[in-house]
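A.B. asks: When we follow our numbering, the leftmost residue of the sequence shown carries the number -17, and every step to the right adds one. The beta-carbon is built from N, C-alpha and C at its ideal position, and this holds for glycine as well. Have a look at the structure that comes next, please.
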Amino acid sequence: MLRLITIAIGVALALSACAEKKQAPTYEGEDLPPDVAGNTSPSATTAALNAAVAENLPLSDQQDFEDANRGLIARDAELRVSTAEGTRIWDMESYGFIDGDPPPSVNPSLWRQERLNNIHGLFEVTKGVYQVRGYDLANMSLIEGKTGWIVVDPLTAKETGAKAMAFAREHLGDKPVSAVIYTHSHVDHFGGILGVISPEEVAERKVPIIAPEFFIEEATSENMIAGVTMARRSLFMFGPRLPRGERGHVGSGLGKGPAYGTFGILPPNETITNTPTELTIDGVKFVFQNAPGSEAPSELTFYLPDLKTFCGAEVVSHNMHNLYTLRGAINRDALKWSGYIDEIIALFGDAEVYFGSHHWPIWGNERIVDFLEKQRDMYKYIHDQTLRLALHGQTSREIAEELELPESMRNSFPNRGYYGTIKHNSKAVYQRYFGWYDGNPANLDPLPPAEAGAKYVELAGGAANLLEKAQAAYDKGEYRWVAEVVNHLVFADPDNQDARDLLAKAYDQLGYQAESGPWRDVYLNGAFELRHGGPETGINLASAKDMIKHAPLEAFLDSMAARLNGPKAEGKELIVNLIFTDLGETYVLELKNSVLRHYKRDPHPDANASMKMTHDFYLMMVTGKAGLKETLFSDDLDIDGSRLDLVGFFRLFDKPTGTFNIVTP
-17 MLRLITIAIG
-7 VALALSACAE
3 KKQAPTYEGE
13 DLPPDVAGNT
23 SPSATTAALN
33 AAVAENLPLS
43 DQQDFEDANR
53 GLIARDAELR
63 VSTAEGTRIW
73 DMESYGFIDG
83 DPPPSVNPSL
93 WRQERLNNIH
103 GLFEVTKGVY
113 QVRGYDLANM
123 SLIEGKTGWI
133 VVDPLTAKET
143 GAKAMAFARE
153 HLGDKPVSAV
163 IYTHSHVDHF
173 GGILGVISPE
183 EVAERKVPII
193 APEFFIEEAT
203 SENMIAGVTM
213 ARRSLFMFGP
223 RLPRGERGHV
233 GSGLGKGPAY
243 GTFGILPPNE
253 TITNTPTELT
263 IDGVKFVFQN
273 APGSEAPSEL
283 TFYLPDLKTF
293 CGAEVVSHNM
303 HNLYTLRGAI
313 NRDALKWSGY
323 IDEIIALFGD
333 AEVYFGSHHW
343 PIWGNERIVD
353 FLEKQRDMYK
363 YIHDQTLRLA
373 LHGQTSREIA
383 EELELPESMR
393 NSFPNRGYYG
403 TIKHNSKAVY
413 QRYFGWYDGN
423 PANLDPLPPA
433 EAGAKYVELA
443 GGAANLLEKA
453 QAAYDKGEYR
463 WVAEVVNHLV
473 FADPDNQDAR
483 DLLAKAYDQL
493 GYQAESGPWR
503 DVYLNGAFEL
513 RHGGPETGIN
523 LASAKDMIKH
533 APLEAFLDSM
543 AARLNGPKAE
553 GKELIVNLIF
563 TDLGETYVLE
573 LKNSVLRHYK
583 RDPHPDANAS
593 MKMTHDFYLM
603 MVTGKAGLKE
613 TLFSDDLDID
623 GSRLDLVGFF
633 RLFDKPTGTF
643 NIVTP
């Protein structure tokens, strides 16, 4: 998600072009020693690029800072949150270094955005509408109803949700939760629900939980099949392993980062399917827009007509969002997304107050409409111009290098690439229409990285010669080229320490130049893992048990099929019945042709084995709380048929840990 500011790109190219003619400029910080994580000091080229950014954007504009501070009621000066076991999952104080002028190791535009994201506390948005900001990646919003609080987006984790709710009640009054609204199906907007209200309270008081259609399916299954890979890549995107500091993680652009605590979910009992949908919730009038396939597969926005206040959820925000997310996900439709924002203007264009699921509000109709129009036109411009250039035969990489927003949008801070970037968003549009293949036969079946790397090293005259040339390119400030070339050597010889060191240094500089928080974290995490290695532990499914138990069983079985080791399963044919005694449901698993299929139907009479169990016991299995041996011989499990066949069946499945290498083979 790194995107150099468009004006700064021109400066970068100029510096690269001039580098062979004269020595790059120096500055007094260039020779500072590495920091505690090994990150090297910003080079003169990086310092010059970042200085050019500061000269070409109105960074002194204080309007956003005024808006972000407006309505402050209270602020927790020592905002930290830990799990019951004592693990720190949130620490706003650790971002205290983000103050004053930007250092040369941080893009000044990103520094400005993260100064804004540092502004946390409880705020009054307008009469009866409040936000708790800076307690998680997203905001929790509270709307005062006749009998209690209507909570919008209860954050990522139970712990941060509880902390934010307690802080709000301390200063606004200890009223009950009278309704919950999930704006969309990403975990930072619902995972903290159990810190806000209990299932028992929802059932006893019949509390409305409102969400867009298909919410529970999308919320629980989006990451199910590919979740391990997405989780590993999210370590690069959000940088939780990086130190927080001027050469480390500063924030994600969208906020600071997600809280990795205890995740939960409560299924909605009221669903928004149509636009507009008018509801009165605890005495407050709402008008909902259903916006599936915008920023999330399941998403809504809403308007409070009596207050002329619009909640944009994450359909709009104070940055360019992702059409493709670097952790990996299905691409988003820029044309549809832009259309939803156009619909917002038509439906709610008289709004006097805007607030969202991230960032800070906007006041005044003229400013709000201008913000919405530029968000709308940004996504459509990227869509249309990517296709225009593709019609002339340009490939996704060529388009990404050329495309930039028109001046009317690129100097508007909410259109800056703090999260998504025009480079990878244009590639997302290209991929949506044309796929991964660019039409060039040389790119149809290229060699895999390690094999290609060895050939490139040989072509360069050996590792020493390649490193000598790469170091010369590094000295000229050609960091993208250095990364491309030295990556070949690292994949050919991952134990070559000189190669790892030079590649890490190039990643440092690319990270320091990044306007996008995730691009910065991706580069700096790459450097971190080259120096210190990858993570030793992967994802902990047990922390998400409260969320997993509401996932459709079909999603789990699809995920199970994706873990079947096809070569191991070759020649094997097995049928297993899964009988859930408490649900009254049976799923038949059939293994044939190295493919696992599942069917919801009556038990197969000729199954190799049948497993009778409760859904809770099944959860213990899938979250790792019960091992294979424990499972097969547990009193909570009734097995008919061959236990030996069952053991053989379960041994056909991989157990991915989510600790695989990314920057090395």
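1. Once the 5 residues before and after residue 525 are set aside, which same chain residues still bring their CB inside 7 Å of it?
2. Tell me the DSSP secondary structure of residue 291 in three-state form.
3. So, at 7 Å on beta carbons, what are the nonlocal neighbours of residue 623 in its own chain, with the 5 sequence-adjacent residues on each side left out?
4. By a C-beta neighbour count over all protein chains shown, 10 Å radius and 16 as the cutoff for buried, is residue 314 buried or exposed?
5. For the beta strand (DSSP E) that residue 268 lies in, which residues bound it at each end?
6. Judging by CA-CA distance, which residue of 65, 100, 63 is the nearest neighbour of residue 79?
7. Note down, in chain order, each residue of its chain lying with its Cβ closer than 6 Å to the Cβ of residue 259, except the 5 sequence neighbours on either side.
8. Under the three-state reduction of DSSP, which class applies to residue 633: helix, strand or coil?
9. Report the residue from 475, 599, 343 whose alpha carbon sits nearest the alpha carbon of residue 122.
10. Do residue 567 and residue 535 have their C-beta atoms within less than 9 Å of each other?
11. From this set, 286, 21, 95, which residue's C-alpha is nearest residue 43's C-alpha?
12. Output the boundary residues of the beta strand (DSSP E) element that contains residue 126.
13. Could you name the residues of the same chain whose beta carbon sits closer than 7 Å to that of residue 211, not counting the 5 residues immediately before and after it, in chain order?
14. Just curious, the alpha helix (DSSP H) that residue 298 is in, first and last residue?
15. Whole angstroms are fine: how far does the CA of residue 539 sit from the CA of residue 600?
16. For residue 565, which residues in the same chain have their Cβ closer than 7 Å to its Cβ, ignoring the five residues on either side in sequence?
17. Between 517, 626, 579, 631, which lies nearest to residue 643 when the distance is taken from Cα to Cα?
18. If you drop the 5 nearest sequence neighbours on each side, which residues of the same chain put their C-beta closer than 7 Å to that of residue 145?
19. Have a look at 633, 91, 423 and flag the residue whose alpha-carbon is nearest the alpha-carbon of residue 549.
20. Identify the residues that DSSP records as bridge partners of residue 581: which are they?
21. Taking residue 304 as part of the beta strand (DSSP E), name the residues at either end of that continuous run.
22. Which partner residues of residue 337 appear in the DSSP bridge assignment?
23. Consult DSSP for residue 644 and reduce its assignment to one of helix, strand or coil.
24. Let me know if residue 418 comes out buried or exposed under the rule of 16 or more other beta-carbons within 10 Å of its beta-carbon.
25. Looking at C-alpha atoms only, which residue of 76, 97, 265, 69 is the closest neighbour of residue 82?
26. For residue 599, which of helix, strand or coil comes out of DSSP?
27. Roughly how many angstroms separate the alpha carbons of residue 461 and residue 18, rounded to a whole number?
28. Please state if the CB of residue 236 and the CB of residue 61 are separated by a distance shorter than 9 Å.
29. Among 329, 33, 367, 391, which one has its Cα closest to the Cα of residue 357?
30. On the three-state DSSP scale, how would you describe residue 23?
31. So, residue 173 versus residue 521, is the Cβ gap smaller than 9 Å?
32. For residue 45, is the classification buried or exposed, using 16 other Cβ atoms within 10 angstroms of its Cβ as the cut-off for buried?
33. For residue 576, tell me which candidate among 494, 557, 167 has the shortest Cα-Cα distance.
34. What's the call for residue 430, buried or exposed, on a 16-neighbour Cβ count within 10 Å?
35. Taking DSSP as the reference, what is the three-state secondary structure of residue 79?
36. Would DSSP call residue 319 helix, strand or coil?
C.D. replies: On the basis of the supplied data:
1. 244, 245
2. strand
3. 589, 590, 591, 592
4. buried
5. 266 to 272
6. 100
7. 270
8. coil
9. 343
10. yes
11. 95
12. 122 to 126
13. 310
14. Residue 298 -> no alpha helix (DSSP H), and no H or E assigned at all.
15. 12 Å
16. 597
17. 517
18. 63, 117
19. 633
20. 570
21. No beta strand (DSSP E) holds residue 304; DSSP gives it neither H nor E.
22. 293
23. coil
24. exposed
25. 97
26. helix
27. 22 Å
28. no
29. 391
30. coil
31. no
32. exposed
33. 557
34. exposed
35. coil
36. helix
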